[in-house]
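Please read the structure below before turning to the comments.
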Amino acid sequence: MRFWDGYKGSSFVELLATEHPHLKPDVGRWIAGDRDLPATAHGTTVLGLRWADGVLVAGDRLATMGHQVASREIEKVYATDAYSLMAIAGAAGPAIEMARLLGVQFEHHEKIEGEALELEGKANTLSQLIRQNLPAAMQGMVVVPIFAGFDRRRRLGRVWRYEVTGGRFEERDFDSVGSGSIFARESLKKSYQGGADRNDALRMALEALTDAADEDRGTGGVDELRGIYPRVKLCTSAGVEDVSDDEVAQVYRNLLESRRRRVG
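For what it's worth, our numbering labels the leading residue of the sequence shown as 4, then goes sequentially.
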């Protein structure tokens, strides 16, 4: 097979570029040269935070296209493997493709090397993908993710944020990116509790997204009429877990009741 005669490393992206360049995802196809770019859906607000057993990553479900709603049920939080998560904001198309490619990269590395990457290595891999997207970012196709996971060697949850050049910065407690991130971060500054249990971690995340939706028109809040709730995932020593809409809805209703009592 040509694979064994050519590239022998463990990077799936480099394998495609070397052996099958026609199959490599090309973010450049979103770039229209000197012409105006077509209208593109954008994901808005996502956040990540550390809690007692690991990390929580959450995002609203709204995607916008200018001042219009592109989707009310977009997925912004992805499990990239059994112990890591990526939440996307920015240009939806490149961001979703990047999240999927990252998952394939991790799986490929484990098959070739016989062991999974350390969490730090996973965070660095995402940094490289963002750096490769820089030409598209300069044309407006910016991808600004949050990466989080459970570090099985250190036995703790970790959260990173990124800039468009691929620079990454680990956060001690929490962070948020997207159009409503300033309001989500301000909310978390007031409510965050180190060592929070599961219920408190969910409450802090939902309160931050609710506050962001109150102040930012690009951030989608809870839509009980349609049954649309923020997507929330946890990552602990047991791996990635999806939080059900029923549990999210109950925490949200408890949050509203608490606010009503304070107002009353």
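Using N, Cα and C, we set each Cβ at its ideal position, and we do this for glycine too. Note that the structure is a prediction, hence the values are computed from the model and not measured.
Integer-rounded CB distance, given that residue j should sit under 8 Å from residue i
i       : j       : result
Glu-78  : Arg-234 : 6 Å
Leu-59  : Leu-65  : Not a contact, Cβ separation roughly 20 Å.
Asp-214 : Ala-252 : That pair is no contact at about 18 Å.
Ile-211 : Ser-190 : A small correction: the amino acid at residue 211 is Ala; Ile does not occupy that position in the sequence shown. About 4 Å separates the two Cβ atoms, so the contact holds.
Thr-83  : Ala-102 : 7 Å
Cβ-based burial, residue i [other Cβ within 10 Å; buried from 16]
i       : result
Val-246 : buried
Leu-259 : exposed
Thr-168 : exposed
Gly-181 : buried
Lys-236 : buried
Arg-161 : buried
His-45  : buried
Val-266 : exposed
Leu-228 : exposed
Val-30  : Caution applies to Val-30, whose pLDDT of 47 falls short of 50 and renders its modelled position unreliable; the value that the coordinates give is listed next. Classification of Val-30: buried, given that the 10 Å Cβ count is 16 or more.
Gly-71  : Gly is not the amino acid found at residue 71; the sequence shown has Gln there. With fewer than 16 other Cβ atoms within 10 Å, it is exposed.
Met-141 : exposed
Arg-114 : For clarity, residue 114 is Lys in the given sequence; the question names Arg instead. Per the 10 Å Cβ criterion, exposed.
Pro-138 : exposed
Ser-179 : buried
Gly-117 : exposed
Gly-224 : buried
Gly-124 : exposed
Arg-156 : exposed
Arg-164 : buried
Option in the options with minimal Cα separation from residue i
i       : options                               : result
Ile-231 : Ser-74, Gly-96, Val-145 and Leu-105   : Ser-74
Gly-62  : Ser-130, Leu-209, Ala-204 and Gly-198 : Leu-209
Gly-57  : Leu-65, Asp-154 and Glu-227           : Asp-154
Gly-96  : Arg-264, Ser-190, Asn-136 and Glu-244 : Asn-136
Glu-173 : Ser-130, Glu-118 and Ala-85           : Ser-130
Val-80  : Met-141, Thr-47 and Ile-185           : Thr-47
Tyr-86  : Val-266, Ala-241 and Arg-263          : Ala-241
Arg-175 : Met-207, Gly-223, Glu-189 and Ala-151 : Ala-151
Gly-198 : Asp-217, Ala-55, His-45 and Leu-50    : Ala-55
Gly-93  : Met-68, Arg-103 and Lys-114           : Met-68
Ile-185 : Leu-159, Glu-218 and Arg-262          : Glu-218
Lys-193 : Arg-201, Asp-200 and Arg-206          : Arg-206
Arg-134 : Phe-109, Gln-108 and Arg-171          : Arg-171
Asp-200 : Met-144, Thr-239 and Leu-120          : Thr-239
Glu-166 : Arg-220, Arg-156, Pro-148 and Arg-158 : Pro-148
Glu-244 : Leu-50, Leu-88, Gly-143 and Asp-226   : Leu-88
Leu-132 : Glu-121, Leu-120, Val-146 and Leu-122 : Val-146
Ile-91  : Arg-158, Arg-263, Val-49 and Phe-177  : Val-49
Arg-220 : Gly-183, Gly-106, Glu-121 and Gln-108 : Gly-183
Leu-159 : Asn-257, Phe-109, Glu-121 and Met-144 : Glu-121
Min CB distance residue i to chain D below 8 Å
i       : result
Ser-194 : Of the chains in the structure shown, none is chain D; there is only one protein chain.
Identity of the residues DSSP links to residue i by a beta bridge
i       : result
His-70  : Per DSSP, none; premise fails for His-70.
Arg-164 : Ile-149 and Phe-172
Gly-242 : Thr-239
His-45  : Thr-67 and Ala-94
Ser-87  : Asp-84 and Gly-152
Arg-53  : Val-58
Asp-226 : Ile-231
Leu-159 : Asp-154
Continuous beta strand (DSSP E) assignments of at least 3 residues falling wholly in the segment 168 to 214: Unbroken beta strand (DSSP E) runs of no fewer than 3 residues, entirely contained in the segment 168 to 214, are found at 171 to 174 and 177 to 180, following chain order.
Inside the segment 98 to 148 only - alpha helix (DSSP H) runs reaching at least 4 residues: Listed in chain order, the complete alpha helix (DSSP H) runs (minimum 4 residues) inside the segment 98 to 148 are 122 to 135 and 137 to 141.
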